[in-house]
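Mapping of the sequence shown onto the UniProt record's numbering: position 113 corresponds to residue 113, and the numbering continues sequentially without gaps. For reference, the structure is listed below as structure tokens.
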Amino acid sequence: MDMTYTHPADASTVTIRTRKFLTNRLLQRKQMVVDVIHPGLPNVSKDELRAKIGKMYKAEKDVVSVFGFKTHFGGGKTTGFALIYDNVEALKKFEPKHRLVRIGLAEAPKGGRKQRKEKKNREKKFRGVRKSKKPRKE
Numbered sequence: 001m002d003m004t005y006t007h008p009a010d011a012s013t014v015t016i017r018t019r020k021f022l023t024n025r026l027l028q029r030k031q032m033v034v035d036v037i038h039p040g041l042p043n044v045s046k047d048e049l050r051a052k053i054g055k056m057y058k059a060e061k062d063v064v065s066v067f068g069f070k071t072h073f074g075g076g077k078t079t080g081f082a083l084i085y086d087n088v089e090a091l092k093k094f095e096p097k098h099r100l101v102r103i104g105l106a107e108a109p110k111g112g113r114k115q116r117k118e119k120k121n122r123e124k125k126f127r128g129v130r131k132s133k134k135p136r137k138e
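In structure tokens, the structure reads:
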């Protein structure tokens with residue numbers, strides 16, 4: 001499926017072409033490879049791509065996830081991947097946390113990396129149900 005539009009920053013046209021389209025019922029999504037042809041222009045923003053791909057497939061921008069874009073040598077063409085989920089709940093359930101943070105549907109973990117690792121290692125020392133501090137009555 002193709003979509004051509006005029007980029008607002010310049011009078012040049014940008015073409016969005018999708019290929020290798022697949023409907024993945026198990027993960028409640030449509031997935032595809034996206035080619036963005038933008039001669040003489042810098043890369044199109046992911047936010048703008050989400051909106052345009054959503055419009056192409058009659059879906060809300062909120063349920064579209066784009067990632068993995070690589071610009072070909074010489075510029076002018078960028079290829080990446082897009083996922084269109086059936087609803088926001090499916091997106092939150094199946095998308096990795098880092099991509100949810102990027103599109104603003106999740107919070108980035110607070111604290112430093114070392115603090116997170118120390119917390120993880122402290123929690124590994126306790127297994128099963130935690131025992132209460134109160135002495136047992138017999």
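We treat Cβ as the ideally placed atom computed from N, Cα and C, and that holds for glycine.
Please report how far the alpha carbon of residue i lies from the alpha carbon of residue j, in whole angstroms.
i                : j             : result
glutamine 31     : glutamate 48  : 18 Å
glutamate 123    : proline 39    : 53 Å
lysine 93        : glycine 111   : 24 Å
arginine 116     : glycine 54    : 36 Å
lysine 125       : glycine 104   : 34 Å
glutamate 60     : glycine 128   : 43 Å
phenylalanine 69 : lysine 58     : 22 Å
valine 63        : lysine 114    : 33 Å
aspartate 2      : threonine 78  : 15 Å
residue 141      : valine 88     : Because the chain in this structure spans residues 1 to 138, residue 141 falls outside the shown range and cannot be described.
arginine 17      : glutamate 107 : 32 Å
Would you grab the beta carbon distance between residue i and residue j for me? Rounded to a whole angstrom, and I think it's under 8 Å.
i             : j           : result
valine 44     : valine 36   : 6 Å
isoleucine 84 : arginine 25 : Wrong, their Cβ atoms sit about 13 Å apart, outside the cutoff.
valine 66     : glycine 80  : 6 Å
Quickly, what does DSSP pair residue i with across the bridge? List them, please.
i          : result
leucine 83 : Gln31 and Ser65
leucine 91 : In DSSP, leucine 91 forms no bridge with anything.
Please list, in chain order, all residues of the same chain as residue i whose beta carbon is under 6 Å from its beta carbon, the five residues on each side excluded.
i           : result
arginine 50 : Lys61, Val64 and Val66
Using a Cβ-Cβ cutoff of less than 8 Å, which residues in the same chain neighbour residue i once the five nearest sequence positions on both sides are dropped?
i            : result
threonine 71 : Asn43, Lys77 and Thr78
Quick one: residues in its chain with C-beta nearer than 7 Å to the C-beta of residue i, no 5 flanking neighbours on either side, listed in chain order?
i         : result
lysine 46 : Val66
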